[in-house]
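Numbering (this note's numbering), first residue to last: 2 to 167.
Structure, rendered in structure tokens:
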């Protein structure tokens, strides 16, 4: 049976949504498992170590299946520090999130996690307004940040389309 050319387009359109739904289900499942495990006496830290261990085992074969067309940059000390910082921030946020779940319910945690896109949108609007005010107060500062490449997040919001606030 031959696959028509339109089918691959359908796969590329459906794949992000399928991944999103899968990740949400995994997130809800982890929250529920955490609540059940801590009610039985397991520590947050032990649960996080188990979760990270399982994630490492699942993600370990990924580089062998991905086909990159370019050579990776060298692994410098600066990149290792950034990876370590992301690890500390990620595990700290998980510890704080699981502490909140232990005081409340996994249902509340799942509902709040669905608000993340709304918070991101609100922050985008706030940073866009801040960048506009920054241009009014000191336009040379904005030029310096564009020239140096700093504050890329704020600049990308500023250069995006104008969102009416009415």
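Glycine residues also receive a C-beta, built at the ideal position from the N, C-alpha and C atoms.
- Less than 9 Å divides the Cβ of residue 48 from the Cβ of residue 99.
- Taken through DSSP and simplified to helix, strand or coil, residue 122 comes out as helix.
- In this structure, the alpha-carbon of residue 91 lies about 11 Å from that of residue 53.
- A distance of 9 Å or more separates the beta carbons of residue 110 and residue 123.
- If you draw a straight line from the Cα of residue 45 to the Cα of residue 97, it comes to about 10 Å.
- Per DSSP, reduced to three states, the secondary structure at residue 100 is helical.
- Per DSSP, reduced to three states, the secondary structure at residue 95 is helical.
- Inter-residue distance for residue 50 and residue 115 is about 25 Å (C-alpha atoms, whole angstroms).
- Taking every protein chain shown into account, the CB of residue 86 has fewer than 16 other CB atoms within 10 angstroms, so this residue is exposed.
- Residue 33 places its beta carbon less than 9 Å from that of residue 107.
- Going by DSSP, residue 54 is part of the alpha helix (DSSP H) stretching over 45 to 60.
- Counting only the Cα atoms, residue 57 lies some 19 Å from residue 82.
- A residue is called buried once 16 or more other Cβ atoms fall within 10 Å of its Cβ, and residue 31 is buried on that count.
- Within the same chain, 49 come within 6 Å of residue 95 by CB-CB distance, once the 5 residues on both sides are set aside.
- Secondary structure at residue 32: helix, using DSSP grouped into helix, strand and coil.
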